[in-house]
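So in this note's numbering, spot 11 of the sequence shown is number 14, and the numbers just go up one at a time. No residue lacks a Cβ here, since even glycine has one placed at the ideal position from N, Cα and C. Nothing here was measured: the structure is a model prediction, and the numbers come from that model.
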Amino acid sequence: MTLASGGMIFIGLFLLGGVYSAIRQKLKVLAALTGIGAALAITAGVMWWQ
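Structure follows, in structure tokens:
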């Protein structure tokens with residue numbers, strides 16, 4: 004695992020916390036956008052892993 008892949012996975016997990024927070028505040032658009040960002044960041048981290 005490189006520093007870049009670990010950083011992207013960390014950012015993705017951080018954004019997942021933002022999704023949870025946005026859902027609790029009933030902000031569906033923000034939750035959707037943050038969810039997309041989280042999915043992209045985690046995917047990038049996993050693909051960068053090698």
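Residue environment, residue i, which counts as buried when at least 16 other CB atoms sit within 10 Å
i             : result
isoleucine 39 : exposed
leucine 6     : exposed
alanine 35    : exposed
valine 32     : exposed
methionine 4  : exposed
Residue i: first and last residue of the uninterrupted alpha helix (DSSP H) it sits in
i            : result
threonine 46 : 31–51
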